[in-house]
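Heads up: the protein sequence lines correspond to chains A and B, in order. Here the first sequence stands for residues 17 to 130, numbered as in this note's numbering. Here the second sequence stands for residues 257 to 372, numbered as in this note's numbering. Positions of the beta carbon are idealized from the N, C-alpha and C atoms, including for glycine. Structure first, then comments.
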Amino acid sequence: GDSVTQMEGPVTLSEEAFLTINCTYTATGYPSLFWYVQYPGEGLQLLLKATKADDKGSNKGFEATYRKETTSFHLEKGSVQVSDSAVYFCALSDPPNTGNQFYFGTGTSLTVIP
Amino acid sequence: DTGVSQNPRHKITKRGQNVTFRCDPISEHNRLYWYRQTLGQGPEFLTYFQNEAQLEKSRLLSDRFSAERPKGSFSTLEIQRTEQGDSAMYLCASPPEGMRDRETQYFGPGTRLLVL
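Given below as structure tokens:
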């Protein structure tokens with residue numbers, strides 16, 4: 017079945033460091049891929065998405081490219097800020113094969129220190 | 257603010273009691289989802305509504321769980337005879353309608369349940 021595997025956390029970085037959070041997926045068809053962010057005490061917020069191979073999603077300095085050949089959707093940011101401290105979830109949607117539900121990874125906690 | 261609201265935000269109950277949560281999705285959004293998120297895990301799908309019809313249910317949704325969406329507007333999730341293992345965050349999601357962006361789900365803030 018469909019699934020998402022995320023890099024284990026927690027991740028601690030200094031401000032202005034480069035961030036990579038790995039995400040790989042398994043899917044029957046051609047899923048859409050998403051990154052959601054969850055700040056402390058809040059619900060999930062959509063960060064970015066890509067709906068087909070080679071698409072790049074971007075938002076707030078974060079980027080992720082849909083790589084079909086490696087079944088990956090790694091999240092990157094060139095210079096993290098303290099305000100980026102949160103839990104990041106990779107997710108996929110594959111409606112033709114798995115209905116309308118989302119499949120989420122286990123989340124990666126990021127702490128950015130000044 | 258995603259426009260999806262959930263109440264209550266927190267609920268503490270004793271084992272064996274019944275609890276009910278409410279979700280008010282973005283108005284005029286036909287689809288509504290419930291997820292459960294336990295500590296250190298990603299959200300797991302529970303059930304899905306298209307208007308008032310409950311079209312999909314996860315095997316996680318035991319007989320003690322029931323969800324409704326009368327008139328296709330707000331939805332309720334009830335847990336009967338709560339168990340400590342039910343302690344989790346319960347999330348509601350509502351995707352926008354129309355072909356553009358139809359696969360994105362917008363989440364409410366969640367209801368955090370603690371069963372003592």
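With a threshold of 16 other CB atoms inside 10 Å of the CB of residue i, please say whether the residue is buried or exposed.
| i | result |
| --- | --- |
| P130/A | exposed |
| D70/A | exposed |
| V103/A | buried |
| S283/B | exposed |
| L60/A | buried |
| K84/A | exposed |
Applying a beta-carbon distance threshold of less than 7 Å, which residues of chain E neighbour residue i?
| i | result |
| --- | --- |
| Q361/B | Note that chain E does not occur in the displayed structure, where the protein chains are A and B. |
Are the CB atoms of residue i and residue j nearer to each other than 8 Å?
| i | j | result |
| --- | --- | --- |
| E324/B | T332/B | yes |
| R320/B | Q310/B | no |
| S343/B | L369/B | yes |
| P365/B | E92/A | no |
| F118/A | S109/A | yes |
| L49/A | Y41/A | yes |
| T367/B | Q262/B | yes |
| R271/B | L347/B | no |
| F120/A | P299/B | yes |
So what's residue i in DSSP terms, helix, strand or just coil?
| i | result |
| --- | --- |
| Q117/A | coil |
| V371/B | strand |
| G272/B | coil |
| D280/B | strand |
| G328/B | helix |
| G73/A | strand |
| V98/A | helix |
Check your understanding: Between the region 334-354 of chain B and chain A, which residues of the former have CB atoms less than 7 Å from a CB of the latter, in chain order?
Key -> Within the region 334-354 of chain B, the residues whose Cβ lies closer than 7 Å to some Cβ of chain A are L347, listed in chain order.
Check your understanding: Three or more beta-carbon pairs under 8 Å between the region 70-88 of chain A and the region 18-26 of chain A, yes or no?
Key -> Result no; under three Cβ-Cβ pairs closer than 8 Å.
Review point. Just by C-beta distance, which residues in the region 57-83 of chain A are closer than 8 Å to chain B?
Key: Here the close residues are E58, G59, L60, Q61, L62, K65 and T67.
Review point. Should the region 282-289 of chain B be regarded as contacting the region 299-308 of chain B, the criterion being three or more beta carbon pairs within less than 8 Å?
Key: yes
Exercise for review: Using a Cβ-Cβ cut-off of less than 9 Å, list which residues of the region 288-300 of chain B approach chain A; keep chain order.
Suggested key: Y289, Y291, Q293, G296, Q297, G298, P299 and E300
Check your understanding: Mind listing which residues of the region 300-320 of chain B have their C-beta closer than 7 Å to chain A's C-betas, in chain order?
Key -> Interface annotation for the region 300-320 of chain B against chain A: F301, Y304 and E312, criterion Cβ-Cβ distance under 7 Å.
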